[in-house]
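Please read the structure below before turning to the comments.
Numbering (the working numbering), first residue to last: 52 to 126.
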């Protein structure tokens, strides 16, 4: 009763193909692949933007990177 065997997965696959049809599954796979490809390209562009920002900071020697701290009076 624990895990599903290969035969269980094959039965599930056959039922999914019967319900959705091969054409619709093909389109869903194509859409999913396009979404993953777009996500990877977006991540690559984000990395490029970060490296460009680091280069700009490195070129500007007068830039000081500081973090402001919030001071509150306890009295």
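C-beta atoms are modelled at their ideal positions from N, C-alpha and C, and glycine is treated no differently.
Three-state class that DSSP yields for residue 55 in the structure shown
On the chain shown, position 4 is the one that residue 55 refers to. The answer is coil: DSSP assigns residue 55 none of H, G, I, E or B.
Own chain, CB closer than 6 angstroms to residue 57, minus 5 neighbours either side, in chain order:
Along the chain shown, read from residue 1 onward, the residue named residue 57 stands at position 6. For residue 57, where only same-chain residues beyond five positions count, there are no Cβ hits under 6 angstroms.
Measure the C-alpha to C-alpha separation of residue 64 and residue 121 and round it to an integer number of angstroms.
What you label residue 64 is simply residue 13 of the chain shown in a count that begins at 1. What you label residue 121 is simply residue 70 of the chain shown in a count that begins at 1. Looking at the two C-alpha atoms, the distance is approximately 58 angstroms.
Are the beta-carbon atoms belonging to residue 76 and residue 68 less than 9 angstroms from one another?
Taking the chain shown and counting its residues from 1, one reaches residue 76 at position 25. Taking the chain shown and counting its residues from 1, one reaches residue 68 at position 17. Closer than 9 angstroms, so yes.
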